[in-house]
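Just below is one structure, and these are the notes that go with it.
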Amino acid sequence: MAISALKKLKPDEGQPAAAPTTPGAGPKPLPKKEAAPPPPAPPKKPSIEDIFLPLEPEPDGTPTQRGCISEGRADRLRLQMWLADNLRKSIAPELAIDDPLERTPEREAMVKQRFDHVLSQGKVKVPPDVTLEQFYSNVLDELFGFGPLEIFIRTDGVSEIMVNGPYIVLIEQKGRIRETGQKFLDDDHVERVVKRIIKPLGRIADIDHPLIDARLPDGSRVNSVIRPVAIDGPNLTIRKFSKDKLKIDDLLNFKSMTPNMGKFLEAAVVSRLNIVVSGGTGSGKTTLINVLSAFIPSHERTVTIEDAAELQFKQRNVVRLETKKPTPEHPGIVTIRDCVVNALRMRPERIVIGECRSGETLDMLQAMNTGHDGSMTTVHSNDPRSCFSRLETLVLMAGVDFPIAVVRKQIANSVDLIVQASRLRDGSRKVTHITEIQGMEGEMPILMDIFKFYDYGDKEDGKINGEHLPAGIRPKCEHKLKQAGFDFPPSLFMKPTT
Ligand SMILES: Nc1ncnc2c1ncn2[C@@H]1O[C@H](COP(=O)(O)OP(=O)(O)OP(=O)(O)O)[C@@H](O)[C@H]1O
Ligand SMILES: [Mg+2]
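Right, dumping it as structure tokens:
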């Protein structure tokens, strides 16, 4: 039903209890008014009450990972979507419902005029559990944006948005993950938002392409898995791009590492040590690479290679490569491995790979060993020893038939430091180890911690009681640091005696 039809509702037809979500055809523009309405105010900054709604009680037997929606909430969402779809149809009839529609002041003014008109006719009643302002704002979010996600996109400090099917929506703020109580109407509603997000990127989401990994123009990273692969409903994970990238001073302020660890890492980067940042999902690996990259001297040429470009280097002589996924029109793919091999022909002094997940690890180690020292990458692993083992596995994924001792030697010869990032149980993110790979003893690698975070348990406020300390070992790489002008006193590496 279009907005013009909405106007024609007879009083007794009123607002449907369950308004259809699909708009009808034939919108008719409203008669023009004499004076143009003033441009609408920009969306206001959401407050904490807007973000977190009370969690609805769920009847016994509700599937835990699916959740549910109350009738009242579903009715409100239906009404919002019905209004939004009809208003949208009336201002942009040529667009499909899963096409994005840019939010411009002119369009917003048109929508406001039509919305007020519909309300003044008394055909649509604002549901009692929401204010007029909130209701209108929700309709706009549905019409122009990503529906229930808009509020999180607008809120600074929300770093990650996680949609586990329509009824479980969580966010991460200050390292803590919390369910928000926000809901989608149903699976189709989530998929519609997914399609609106990825359509401008030339990507598709359907039964044949249920796994979607993409980067938004603003740099945010998006992953979605839809039916039939997602069992409990289509899901969506957005790592929001943060305008203010964390810098070394931020990490020091957050006590993610000590100033001495910072100085050591700076020296390691300038001295062109090869560094692998290890860590679990969302532990801060990419952030660390970004922070470390700031220490690369500006005259050195770097090639960065990523699946979804997140790195932001401040130097000018940086060439950024991103892998290519297949699209229906352009089915070809370009892998990280292809990019690494190509990067070697681009005269790079350093190569930075966003993440090593497979056989490209072998190419990267070879690059580190052949004049591109000072290279960096990240690997998913929970501690430096597992990181070493993971590197072994990743090298073998290149399809080579090297004996394990040869693989270990290659890693030990190539990688100088493992910097371990962790997201701890209180939500804080810390560098928990700076570990040097000192060589081999027989067939075993020698890994020595230079700095370590000691975890002594929890404080009363739930925060972790712990401290970073040097492990008491003078690093083997010290001579390289000295050559680059970093002459650290031995005390920097010694454990305090008291
Ligand atoms: N030391 C830190 N203190 C506080 N927040 C941090 C810190 N490091 C990273 N973050 C925040 O944590 C989130 C995840 O960081 P990042 O993207 O670097 O993690 P990641 O390990 O690369 O994740 P993934 O495994 O998904 O690639 C970001 O929002 C980032 O701003
Ligand atoms: Mg990352």
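In short: position in the sequence shown from 1, add 14, done, that's the numbering used here. For each residue, glycine too, the CB sits at the ideal point set by N, CA and C.
Short check: CB of residue i to CB of residue j, under 9 Å?
i	j	result
Arg334	Glu314	no
Leu431	Val290	yes
Ser256	Ala435	no
Gly294	Gly247	no
Pro504	Met462	no
Val177	Gln187	no
Ile211	Arg80	no
Ile175	Thr300	no
Pro459	Arg422	yes
Phe166	Thr194	yes
Leu199	Ala88	yes
Ile451	Phe507	no
Asp377	Arg399	no
Arg229	Ala322	yes
Phe66	Arg168	no
Phe502	His482	no
Leu266	Asn304	no
Val393	Glu374	no
Ile367	Thr391	yes
Does the beta-carbon of residue i, which I'm using as the reference point, lie nearer than 8 Å to any heavy atom of ligand 2?
i	result
Lys126	no
Lys103	no
Lys299	yes
Thr391	no
Glu369	yes
Glu374	no
Glu324	yes
By a C-beta neighbour count over all protein chains shown, 10 Å radius and 16 as the cutoff for buried, is residue i buried or exposed?
i	result
Gly388	buried
Tyr470	exposed
Ala419	exposed
Ala357	buried
Ser297	buried
Gln424	buried
Asp113	exposed
Asp472	exposed
Asn249	buried
Val414	exposed
Thr511	exposed
Asn100	buried
Thr35	Annotation note: pLDDT 37 at Thr35 (below 50); position unreliable, no value reported.
Lys209	buried
Ile185	buried
Asn288	buried
Ile221	exposed
His493	exposed
Pro417	exposed
Glu48	With a pLDDT of only 47 at Glu48, under the threshold of 50, the placement of this residue in the model should not be trusted; the figure read from the coordinates follows. By the 10 Å Cβ count, Glu48 comes out exposed.
Could you give the C-beta distance for residue i and residue j, rounded to a whole number, given that I count them as a contact under 8 Å?
i	j	result
Leu225	Val207	Actually they do not touch by this definition, with Cβ atoms about 17 Å apart.
Met360	Val317	5 Å
Arg217	Thr337	About 14 Å separates the two Cβ atoms, so there is no contact after all.
Ser428	Leu495	That pair is no contact at about 18 Å.
Asp170	Arg90	The Cβ separation is near 27 Å, so there is no contact.
Pro141	Leu97	11 Å between Cβ atoms; not a contact.
May I ask you to check if the CB of residue i is nearer than 8 Å to at least one heavy atom of ligand 1?
i	result
Glu336	no
Asp170	no
Ser256	yes
Ser403	no
Leu230	no
Ala308	no
Glu174	yes
Leu438	no
His482	no
Leu260	yes
Thr118	no
Lys444	yes
His394	yes
Asp469	no
Leu184	no
Thr272	no
Gly189	yes
Phe268	yes
Gly136	no
How about residue i: is its Cβ closer than 8 Å to a heavy atom in ligand 3?
i	result
Thr194	Looking for ligand 3 in the displayed structure turns up nothing; the ligands present are ligand 1 and ligand 2.
Counting only beta-carbon atoms, is residue i nearer than 9 Å to chain B?
i	result
Pro142	Absent from the structure is chain B; it holds one protein chain and no more.
Exercise. Taking one C-beta from the segment 226 to 239 and one from the segment 269 to 282 each time, how about it: are there three or more such pairs within less than 8 Å?
Worked result: Short answer: they don't touch.
For this session: Give a yes or no on contact between the segment 265 to 276 and the segment 444 to 462, applying the rule of three or more CB pairs nearer than 8 Å.
Result: When Cβ pairs closer than 8 Å are counted between the two stretches, the segment 265 to 276 is seen to touch the segment 444 to 462, the count reaching three or more.
For this session: Would you be able to state if there are at least three C-beta pairs under 8 Å between the segment 404 to 422 and the segment 302 to 313?
Result: Touching, no, given that fewer than three Cβ pairs across the two stretches are closer than 8 Å.
Exercise. Between the segment 77 to 92 and the segment 128 to 135, do three or more beta carbon pairs fall short of 8 Å?
Worked result: Taking a cut-off of 8 Å for Cβ pairs, the segment 77 to 92 and the segment 128 to 135 do not touch, as fewer than three such pairs fall below it.
Exercise. Pairing CB atoms from the segment 152 to 164 with CB atoms from the segment 114 to 128, are three or more of them under 8 Å?
Worked result: Cβ pair count under 8 Å is three or more, so yes.
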